[in-house]
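By our numbering, the letter at position 102 of the sequence shown is numbered 102, and the numbering carries on one by one without gaps.
The beta-carbon is built from N, C-alpha and C at its ideal position, and this holds for glycine as well.
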Amino acid sequence: MILSLLYNKNPYVTAIEEVTGEKVQVCPTKEEALRYLPETELIITIGGGNLSVPIDEEMLNAAPLLKWVFSISAGVEKLPLEELKTRGILTTNTSGVHAVTIAEYVMGGLLAMSHHYDRYIPLKKEKKWGNLISEEDMEGKTLLVIGAGHIGSEIGRKAKAFDIKVLGLKRKVCSLEGFDEVYRMDRLREVLPQADYVVMAAPLTAETYHLMGAEEFALMKNEAVFVNIARGDTVNEQDLIEALTEKKIKGALLDVFHEEPLPTESPLWELDNVLITPHSSAISKNVINKVIKMFEENYIKYKNGEKLINELY
Numbered sequence: 001m002i003l004s005l006l007y008n009k010n011p012y013v014t015a016i017e018e019v020t021g022e023k024v025q026v027c028p029t030k031e032e033a034l035r036y037l038p039e040t041e042l043i044i045t046i047g048g049g050n051l052s053v054p055i056d057e058e059m060l061n062a063a064p065l066l067k068w069v070f071s072i073s074a075g076v077e078k079l080p081l082e083e084l085k086t087r088g089i090l091t092t093n094t095s096g097v098h099a100v101t102i103a104e105y106v107m108g109g110l111l112a113m114s115h116h117y118d119r120y121i122p123l124k125k126e127k128k129w130g131n132l133i134s135e136e137d138m139e140g141k142t143l144l145v146i147g148a149g150h151i152g153s154e155i156g157r158k159a160k161a162f163d164i165k166v167l168g169l170k171r172k173v174c175s176l177e178g179f180d181e182v183y184r185m186d187r188l189r190e191v192l193p194q195a196d197y198v199v200m201a202a203p204l205t206a207e208t209y210h211l212m213g214a215e216e217f218a219l220m221k222n223e224a225v226f227v228n229i230a231r232g233d234t235v236n237e238q239d240l241i242e243a244l245t246e247k248k249i250k251g252a253l254l255d256v257f258h259e260e261p262l263p264t265e266s267p268l269w270e271l272d273n274v275l276i277t278p279h280s281s282a283i284s285k286n287v288i289n290k291v292i293k294m295f296e297e298n299y300i301k302y303k304n305g306e307k308l309i310n311e312l313y
């Protein structure tokens, strides 16, 4: 049996049914999942964020036939990876398929902020001819990517097309296409003062939890823009709010938050120097097609007993 822990029957579930020829049992609650887990061989889930039922030890104990966990997200911080590894359960993610879409989101957002697209929208509704001037061109600026993996590297390549100097931070230093310099992650505070745009693209781990806080925002330029397309908890959100409110940094483009959906009482909603999107930077028809293609290729490999794409251990 194939079991989905997604909170609803979305396009992924329908496509997986077409690929496998099997019905996918959608279980949007733990209680419902426990009913079907004894017969389950494959679980479809989202390993990061809060869009699916979290897998815990009780659920694994109830699934003696489980062989494979497929995460339709690249992030897997919500999965019990050590326990899955110990039990010999294959676990794969979709690392790499979201890179182009997220990179386009980042560059589009930075362009919108540089050229005041958000201010023209209400003027159009009021049929007013605005006369706003772009404060800064992006040409000649410096962009820092924190976490230059698949997604961060694509952001760097896209930024280079705008004649931007691109800096990157990685756990292991290596040369990357489109990057002028790449540093170790522990040099964050040294590099931050150079950047006009700071993009958080690192996975959420014990090392990256609240990686950006008050001290880091204080090191940024007053005219710098912060972007987060990673995970909300890579940033101390209260420190970010203070930095934005006190104009310690110019603005922020935020797609992820400590709590999602972002509570209506969050001060971020009231700040004019913030663009907010609902964790949607990785969502597009193209991404859905890539995820399904990866699943289809892996499903064939799984049936043939071959090594899967993006095995996590």
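Residue interval of the beta strand (DSSP E) (run including residue i)
i    : result
T45  : 42–45
A252 : 251–254
Status (buried if at least 16 other CB within 10 Å, exposed otherwise) for residue i
i    : result
C27  : buried
S280 : exposed
L132 : exposed
L42  : buried
E139 : exposed
W68  : buried
T264 : exposed
T14  : exposed
I121 : exposed
K158 : buried
G47  : buried
P11  : exposed
R231 : buried
L65  : exposed
Y197 : buried
L90  : buried
T245 : exposed
Y105 : buried
Y209 : exposed
T45  : buried
Which of helix, strand or coil DSSP assigns to residue i
i    : result
R157 : helix
V198 : strand
K23  : coil
I283 : coil
F3   : In the sequence as displayed, the identity of residue 3 is Leu instead of Phe. Reduced to three states, the DSSP call for L3 is strand.
V291 : helix
P193 : helix
T29  : coil
T391 : Because the chain spans 1 through 313 in this model, residue 391 falls outside it and cannot be assessed.
L244 : helix
N131 : coil
P54  : coil
N304 : coil
L176 : coil
G152 : helix
N298 : helix
I164 : coil
K141 : coil
K85  : helix
P64  : coil
E39  : helix
E270 : helix
Cross-strand partners of residue i (DSSP beta bridge)
i    : result
R184 : K170
F226 : V198, A252
T91  : V69
E311 : T92
L79  : In the DSSP output, where bridge partners are listed per residue, L79 has none listed.
I146 : L169, M200
L275 : L253
E235 : Correcting the residue type first, residue 235 is Val in the shown sequence and not Glu. Partner(s): M212.
8 Å contact criterion, which residue i and residue j should meet: CB distance rounded
i    : j    : result
N228 : L254 : 5 Å
I241 : L268 : 6 Å
V97  : V291 : 6 Å
L169 : A148 : 6 Å
A317 : S95  : Residue coverage of the chain in this structure runs from 1 to 313, which leaves residue 317 outside it and unanswerable.
M1   : T29  : Wrong, their Cβ atoms sit about 17 Å apart, outside the cutoff.
L308 : N93  : Going by Cβ atoms, the distance from L308 to N93 rounds to 10 Å, so no, they are not a contact pair.
A103 : E154 : 4 Å
L204 : E31  : Contact doesn't hold; Cβ gap of about 27 Å is too wide.
G213 : N236 : 4 Å
R184 : V173 : 6 Å
F295 : V19  : 6 Å
Bounding residues of the alpha helix (DSSP H) (the contiguous stretch that carries residue i)
i    : result
I72  : Looking at the DSSP string, I72 is not in any alpha helix (DSSP H), and its letter there is neither H nor E.
F217 : 214–219
L60  : 57–61
R119 : 117–125
T208 : No alpha helix (DSSP H) contains T208, which DSSP labels as neither H nor E.
I49  : Per the sequence shown, the amino acid found at residue 49 is Gly instead of Ile. Here G49 belongs to no alpha helix (DSSP H), and DSSP marks it neither H nor E.
M107 : 99–114
Closer than 7 Å: residue i CB and nearest the ligand FMN heavy atom
i    : result
G178 : Absence of the ligand FMN from the depicted structure is noted, as is the absence of any ligand whatsoever, leaving it without description.
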